[in-house]
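Heads up: the structure comes next, in structure tokens.
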Amino acid sequence: MAGCVFCEIVAGDTPADVVMDEPELMAFLDRRPVFKGHVLLVPRVHVVTLPDLPTGLRDGFLAALQRLATAMVDGLGAQGSFVAMNNVVSQSVPHLHCHVVPRTKGDGLRGFFWPRTKYAADEAASYADRLRRTLAAG
Numbered sequence: 008m009a010g011c012v013f014c015e016i017v018a019g020d021t022p023a024d025v026v027m028d029e030p031e032l033m034a035f036l037d038r039r040p041v042f043k044g045h046v047l048l049v050p051r052v053h054v055v056t057l058p059d060l061p062t063g064l065r066d067g068f069l070a071a072l073q074r075l076a077t078a079m080v081d082g083l084g085a086q087g088s089f090v091a092m093n094n095v096v097s098q099s100v101p102h103l104h105c106h107v108v109p110r111t112k113g114d115g116l117r118g119f120f121w122p123r124t125k126y127a128a129d130e131a132a133s134y135a136d137r138l139r140r141t142l143a144a145g
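Numbering (the working numbering), first residue to last: 8 to 145.
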């Protein structure tokens, strides 16, 4: 869809640190992560909200979320993960995306206030590589 940054990432027109690249789905690092390793999972087709997700993509989407949540622990050493999705309200990009955020007890995340951080130069590529390798091994 013209003007959708996630569609541009899926098409390869906008660079991203991709951690999962599958025929129907793609996952990449959030540019403004809550914690380093924060990933966004998107369907390749332009879908705005969860209710719009075609039935044929639903199971694959959930399976990919499970794999990403596991990769947070196995690949990044997190104790767990936070998985969240907005539909319309607070949805910063009108393309369905699910956040998968690595979590560690005492990390400071409280409720739905999501403080953001930044990657140092070339640090994002290292996180993406660790997650890709973990997903490939799993």
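C-beta: ideal position from N, C-alpha, C; glycine also.
Predicted model, so just to flag it, every value in this text is computed and none were measured.
Roughly how many whole angstroms lie between the Cα atoms of residue i and residue j?
| i | j | result |
| --- | --- | --- |
| glycine 84 | alanine 70 | 21 angstroms |
| glycine 82 | phenylalanine 42 | 14 angstroms |
| threonine 21 | cysteine 11 | 10 angstroms |
| glycine 19 | leucine 36 | 15 angstroms |
| leucine 47 | glycine 113 | 23 angstroms |
| aspartate 129 | glycine 44 | 13 angstroms |
| valine 108 | proline 30 | 23 angstroms |
Would you grab the beta carbon distance between residue i and residue j for me? Rounded to a whole angstrom, and I think it's under 8 angstroms.
| i | j | result |
| --- | --- | --- |
| valine 26 | arginine 139 | 5 angstroms |
| leucine 142 | alanine 76 | Contact doesn't hold; Cβ gap of about 11 angstroms is too wide. |
Which residue or residues does DSSP assign as beta-bridge partners of residue i?
| i | result |
| --- | --- |
| cysteine 14 | In the DSSP output, where bridge partners are listed per residue, cysteine 14 has none listed. |
| histidine 106 | Leu47, Ala91 |
| methionine 33 | Asp28, Val49 |
According to DSSP, simplified to helix, strand and coil, what is residue i?
| i | result |
| --- | --- |
| aspartate 28 | strand |
| alanine 9 | coil |
| alanine 23 | coil |
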